[in-house]
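Okay, structure first, notes after.
Number of protein chains: 2
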Amino acid sequence: MTPKIARFLTEQKPATPCLVVDLDCVRGQYRALHDALPSSRIHYAVKANPAPAILKELNNLGSFFDIASPGEIDICMKAGIPAQKLSFGHTVKTARSIAYAHQKGLTLYAFDCIEELRKLAEHAPGCEVFCRLGVLNTGAQWPLSRKFGTTPESAFTLLQQARDLGLKPAGLSFHVGSQQTSTEAYGDAIAQAAGIYHRLRQQGITLDFINMGGGFPTYYNSPIPSIDQFGKAIATAMTTHFPEGAPRILLEPGRYMVGSAGVVHTEVVLSSKRGGGDNTPRWVYLDIGRFGGLAETEGESIRYTFQTPHDENTASRSPCILAGPTCDSMDVLYEKNLVPLPEELKTGDRVNILATGAYVSTYCSTGFNGFPPLDEHYI
Amino acid sequence: MTPKIARFLTEQKPATPCLVVDLDCVRGQYRALHDALPSSRIHYAVKANPAPAILKELNNLGSFFDIASPGEIDICMKAGIPAQKLSFGHTVKTARSIAYAHQKGLTLYAFDCIEELRKLAEHAPGCEVFCRLGVLNTGAQWPLSRKFGTTPESAFTLLQQARDLGLKPAGLSFHVGSQQTSTEAYGDAIAQAAGIYHRLRQQGITLDFINMGGGFPTYYNSPIPSIDQFGKAIATAMTTHFPEGAPRILLEPGRYMVGSAGVVHTEVVLSSKRGGGDNTPRWVYLDIGRFGGLAETEGESIRYTFQTPHDENTASRSPCILAGPTCDSMDVLYEKNLVPLPEELKTGDRVNILATGAYVSTYCSTGFNGFPPLDEHYI
Numbered sequence: 001m002t003p004k005i006a007r008f009l010t011e012q013k014p015a016t017p018c019l020v021v022d023l024d025c026v027r028g029q030y031r032a033l034h035d036a037l038p039s040s041r042i043h044y045a046v047k048a049n050p051a052p053a054i055l056k057e058l059n060n061l062g063s064f065f066d067i068a069s070p071g072e073i074d075i076c077m078k079a080g081i082p083a084q085k086l087s088f089g090h091t092v093k094t095a096r097s098i099a100y101a102h103q104k105g106l107t108l109y110a111f112d113c114i115e116e117l118r119k120l121a122e123h124a125p126g127c128e129v130f131c132r133l134g135v136l137n138t139g140a141q142w143p144l145s146r147k148f149g150t151t152p153e154s155a156f157t158l159l160q161q162a163r164d165l166g167l168k169p170a171g172l173s174f175h176v177g178s179q180q181t182s183t184e185a186y187g188d189a190i191a192q193a194a195g196i197y198h199r200l201r202q203q204g205i206t207l208d209f210i211n212m213g214g215g216f217p218t219y220y221n222s223p224i225p226s227i228d229q230f231g232k233a234i235a236t237a238m239t240t241h242f243p244e245g246a247p248r249i250l251l252e253p254g255r256y257m258v259g260s261a262g263v264v265h266t267e268v269v270l271s272s273k274r275g276g277g278d279n280t281p282r283w284v285y286l287d288i289g290r291f292g293g294l295a296e297t298e299g300e301s302i303r304y305t306f307q308t309p310h311d312e313n314t315a316s317r318s319p320c321i322l323a324g325p326t327c328d329s330m331d332v333l334y335e336k337n338l339v340p341l342p343e344e345l346k347t348g349d350r351v352n353i354l355a356t357g358a359y360v361s362t363y364c365s366t367g368f369n370g371f372p373p374l375d376e377h378y379i
Numbered sequence: 001m002t003p004k005i006a007r008f009l010t011e012q013k014p015a016t017p018c019l020v021v022d023l024d025c026v027r028g029q030y031r032a033l034h035d036a037l038p039s040s041r042i043h044y045a046v047k048a049n050p051a052p053a054i055l056k057e058l059n060n061l062g063s064f065f066d067i068a069s070p071g072e073i074d075i076c077m078k079a080g081i082p083a084q085k086l087s088f089g090h091t092v093k094t095a096r097s098i099a100y101a102h103q104k105g106l107t108l109y110a111f112d113c114i115e116e117l118r119k120l121a122e123h124a125p126g127c128e129v130f131c132r133l134g135v136l137n138t139g140a141q142w143p144l145s146r147k148f149g150t151t152p153e154s155a156f157t158l159l160q161q162a163r164d165l166g167l168k169p170a171g172l173s174f175h176v177g178s179q180q181t182s183t184e185a186y187g188d189a190i191a192q193a194a195g196i197y198h199r200l201r202q203q204g205i206t207l208d209f210i211n212m213g214g215g216f217p218t219y220y221n222s223p224i225p226s227i228d229q230f231g232k233a234i235a236t237a238m239t240t241h242f243p244e245g246a247p248r249i250l251l252e253p254g255r256y257m258v259g260s261a262g263v264v265h266t267e268v269v270l271s272s273k274r275g276g277g278d279n280t281p282r283w284v285y286l287d288i289g290r291f292g293g294l295a296e297t298e299g300e301s302i303r304y305t306f307q308t309p310h311d312e313n314t315a316s317r318s319p320c321i322l323a324g325p326t327c328d329s330m331d332v333l334y335e336k337n338l339v340p341l342p343e344e345l346k347t348g349d350r351v352n353i354l355a356t357g358a359y360v361s362t363y364c365s366t367g368f369n370g371f372p373p374l375d376e377h378y379i
């Protein structure tokens, strides 16, 4: 936790549950990524956290933005971001969404199949398009399904069809999986993209960019490579696979940019063995759970770090099952990977959940069990 | 789909995605349950769908209500329901929530451990309490975890401690699991509760009721027992295990009451093989998914029925992967259990998802990917 967040919690004593985000930290992440890959263009993935304070901060630093819906276009434009700095990186869009984006002035769109390409040609004529490749997600802690992306052969054909439909074939994209902890994942994907790039050049199509999506990790509870290491791996692969000069790199970081900047401040609702014997784990119920924003604990994929008021006394820790506040029995955060917490932890204690700036505020349900959406503080 | 909903969709052509609920159907469900177990008291589980129109309808029919938070207390009281008709059936409550409920006039509370009992004694002195037992969930399609409930031995002790703390030990509760399709599940749980009931009588404590929670199923795509069959199984078990006269039955139906009354009306955003060969399944993307309210498709647990405009032509169906509209790759509804859909299905077609009245509107995220919460129509 940053000193600024610690001070805010001490002085303001905000009601729980809430999310507190340190904007200095977001700024630091942007600059570190920019320094690691200076010639790249950064499109912040708005879905990770669309708070206006974050959007304005990144806009001032020169960031571009990737959006997923008309709703996110509106949020960005309301934050003062011009349409020219927005890419529509979602491959699946209603015709209405495309027409809306086109009318607002967006010029760059993703796709991964002929049906979507035809929609783009009809509703955003003349726009720039990039085709998403399906790549392996080895090494990602939140790997992506087969929901998006196509084969190299299909991408090669589709980008030519794009030209025939009057669109501008501008790039290729891929996503190595969210919370990607292997720097090598990028090299393989870049090699694949380069193959298509060179074949398309022979057809008279020169792509402007390779969009490497997001995936850069946030530190949760196990070591991750530095952003410089990712930068070096990417730069090396680009030099190797584009010996005659590489196209521009586009990046769509979401989790990387805001994950470490946020802390969820929560309260213990109940801590009890509930009739189990001495050797059974305690159940600790917090006032935030899977339906209050911590959706990425599904399958116990993302494993957060917890800070309690009793952390000095490390000797007294015992393994706990952690659950959320709703009366939905699926609302359990960790049951297989027990969390060691101090024996002294009791009802009413405040607990901080670190690195929760991304994919928390928006996953929150509208009011399941009558609990209101998460309070947010951007400082 | 009821004729009333069909007419509404044809005449009103509402924007998608939306939920349409037929209140006549809710009324029918209430009456059928009341007829199946005439002496029971029905506490509608507000979390299943807290729409004011549903609450008012059930209140007029004589229903009681089970709530899970101060937010749900407020919703109910605003709908004109008196505090005396509300039970706080959630075993995990903040001290503030208990104090709030007590101040509003609620008198009946659940618990399953000594820590919660002490909170109740302090913040709702003199209240009636019931202890939740953990029971097997065999036969449930949405089985509950070990998050709630205690052992029979512990319940026996706790209800005596409740008396010692100045509270009124009023009942035992259990939950056989949501979407329970076996009528036998209730018999075993009733036997267990009866054992504790008789032992407590010897200690001078006579419980008023056995609360059998919810669990009665909604028809999705495979046959379920009728509510009369459940009623008979429960009545028989009560006579068997309470030969000298049974305590009152309390029921907390949620899904049963509203599930079959609702239809989600959605639009096809994209239908494509996305570069796969002829033998690969199509991907069909709808404008509602796991983050727009269909959270119970997690693990493909609840399998809905889909109606399309091309259903006459059953010969042309082929298996599809069904996905939601967000650019989150976890937002896939069915990938293992492919859904046979007409070959003619295309972008822009309207699709109805049946029996979606429960656990949809409130699971919806506040705005993930910039998509607004689900529109709701109660007719």
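From first to last, the protein sequence lines stand for chains A and B.
Once you know that position 97 of the first sequence is 97 in full-length UniProt numbering, the rest is easy, because the numbers rise by one and skip nothing.
Once you know that position 67 of the second sequence is 67 in full-length UniProt numbering, the rest is easy, because the numbers rise by one and skip nothing.
C-beta atoms are modelled at their ideal positions from N, C-alpha and C, and glycine is treated no differently.
This one's a predicted model, so the numbers in the text were calculated from it and none came from an experiment.
{"Item": "What's the C-alpha gap between T280 (chain A) and K273 (chain A)?", "Value": "7 Å"}
{"Item": "Would you decide whether S318 (chain A) is buried or exposed? Buried here means 16 or more other CB atoms lie within 10 Å of its CB.", "Value": "exposed"}
{"Item": "At the level of alpha carbons, what is the spacing between S40 (chain A) and L207 (chain A)?", "Value": "15 Å"}
{"Item": "Is any beta-carbon of chain A found at less than 8 Å from that of E57 (chain B)?", "Value": "no"}
{"Item": "The segment 78 to 101 of chain B: which residues have C-beta closer than 9 Å to a C-beta of chain A, in chain order?", "Value": "G89, H90, T91, V92, K93, T94, A95, S97"}
{"Item": "Pull up the CB-CB distance for S182 (chain A) and T138 (chain A), whole angstroms please, since I reckon it's below 8 Å.", "Value": "7 Å"}
{"Item": "My guess is that D311 (chain B) and P17 (chain B) are in contact by the Cβ rule of under 8 Å, so how many angstroms apart are they, rounded?", "Value": "With 8 Å as the limit, D311 (chain B) and P17 (chain B) do not qualify as a contact, their Cβ atoms being about 20 Å apart."}
{"Item": "Tell me the rounded alpha-carbon separation between residue 403 (chain B) and F8 (chain B).", "Value": "Look at the range of chain B in this structure, 1 to 379, and you will see that residue 403 (chain B) is not part of it."}
{"Item": "Residues of chain A with CB under 9 Å from K104 (chain B), in chain order?", "Value": "Result: empty, since nearest Cβ-Cβ is about 13 Å, beyond 9 Å."}
{"Item": "Which residue marks the beginning of the beta strand (DSSP E) containing A83 (chain A), and which one marks its end?", "Value": "Where A83 (chain A) is concerned, there is no enclosing beta strand (DSSP E), given that its DSSP letter is neither H nor E."}
{"Item": "Could you round the C-beta distance between G68 (chain B) and K85 (chain B) to whole angstroms and report it? I think they count as a contact, below 8 Å.", "Value": "Here the sequence assigns Ala to residue 68 (chain B), which means Gly is not the residue at that position. With 8 Å as the limit, A68 (chain B) and K85 (chain B) do not qualify as a contact, their Cβ atoms being about 15 Å apart."}
{"Item": "Check whether the Cβ atoms of I249 (chain B) and I227 (chain B) lie closer than 8 Å to each other.", "Value": "no"}
{"Item": "Run through the segment 231 to 287 of chain A for me and flag every whole beta strand (DSSP E) of 3 or more residues, listed as ranges in chain order.", "Value": "248 to 251, 262 to 272, 282 to 286"}
{"Item": "Assuming D19 (chain A) contacts T305 (chain A) under a Cβ cut-off of 8 Å, what Cβ separation, rounded to an integer in Å, is found between them?", "Value": "The residue you asked about is not Asp; residue 19 (chain A) is Leu in the sequence shown. So it is not a contact: roughly 15 Å between Cβ atoms."}
{"Item": "At what residues does the alpha helix (DSSP H) containing F8 (chain A) begin and finish?", "Value": "3 to 12"}
{"Item": "Could you tell me if Y363 (chain B) is buried or exposed, where buried requires 16 or more neighbouring beta carbons within 10 angstroms of its beta carbon?", "Value": "buried"}
{"Item": "Check whether the Cβ of K168 (chain A) lies closer than 8 Å to any Cβ atom in chain B.", "Value": "no"}
{"Item": "Below 8 Å between beta carbons: does that hold for S260 (chain B) and Q103 (chain B)?", "Value": "no"}
{"Item": "Three-state secondary structure (DSSP) at I196 (chain B)?", "Value": "helix"}
{"Item": "Hey, out of B:L294, B:L270, B:D278, whose CA is closest to R96 (chain A)'s CA?", "Value": "B:L270"}
{"Item": "Enumerate, from N- to C-terminal direction, the unbroken beta strand (DSSP E) stretches of 3 or more residues contained entirely within the segment 108 to 163 of chain B.", "Value": "108 to 111, 128 to 132, 140 to 142"}
{"Item": "Distance cutoff 8 Å, beta carbons only. Does A323 (chain B) sit that close to anything in chain A?", "Value": "yes"}
{"Item": "Can you check which of these residues, B:Y256, B:E184, B:V268, is closest to S178 (chain B) by C-alpha distance?", "Value": "B:Y256"}
{"Item": "Please go through the same chain and pick out, in chain order, the residues whose beta-carbon is closer than 6 Å to the beta-carbon of T266 (chain B), but skip the five residues on each side of it.", "Value": "T16, P17, L286, D287, I288, V351"}
{"Item": "Report the three-state DSSP secondary structure of P70 (chain A) (helix, strand or coil).", "Value": "helix"}
{"Item": "Is there a Cβ from chain A that is less than 8 Å from the Cβ of A355 (chain B)?", "Value": "no"}
{"Item": "Hey, out of B:Q307, B:L251, B:T366, B:E184, whose CA is closest to R33 (chain B)'s CA?", "Value": "As written in the sequence, residue 33 (chain B) is Leu, which differs from the Arg given in the question. When only C-alpha atoms are compared, the closest one is B:L251."}
{"Item": "Residue range of the beta strand (DSSP E) that L165 (chain A) falls in?", "Value": "Segment: none, L165 (chain A) is in no beta strand (DSSP E) and carries neither H nor E."}
{"Item": "Within 10 Å of its beta-carbon, does P82 (chain B) have 16 or more other beta-carbons around it, so buried, or fewer, so exposed?", "Value": "exposed"}
{"Item": "Output needed for A193 (chain A): all residues of its chain with C-beta closer than 6 Å, excluding positions within five of it in sequence on either side, in chain order.", "Value": "L172, I210"}
{"Item": "When Cβ atoms are compared, which residues of the segment 123 to 143 of chain A fall closer than 7 Å to chain B?", "Value": "none"}
{"Item": "Whose C-alpha, out of A:S361, A:D66, A:C76, is nearest the C-alpha of K56 (chain A)?", "Value": "A:C76"}
{"Item": "Applying the criterion that 16 or more other CB atoms from any shown protein chain within 10 Å of the CB defines a buried residue, is N49 (chain A) buried or exposed?", "Value": "buried"}
{"Item": "With a threshold of 7 Å on Cβ separation, who are the neighbours of residue 381 (chain B) within its own chain once the five nearest residues in sequence on each side are excluded?", "Value": "Here chain B has residues from 1 to 379 only, and residue 381 (chain B) is not among them."}
{"Item": "Given a threshold of 16 other Cβ atoms within 10 Å of its Cβ, counted over all protein chains shown, does T150 (chain B) qualify as buried or as exposed?", "Value": "buried"}
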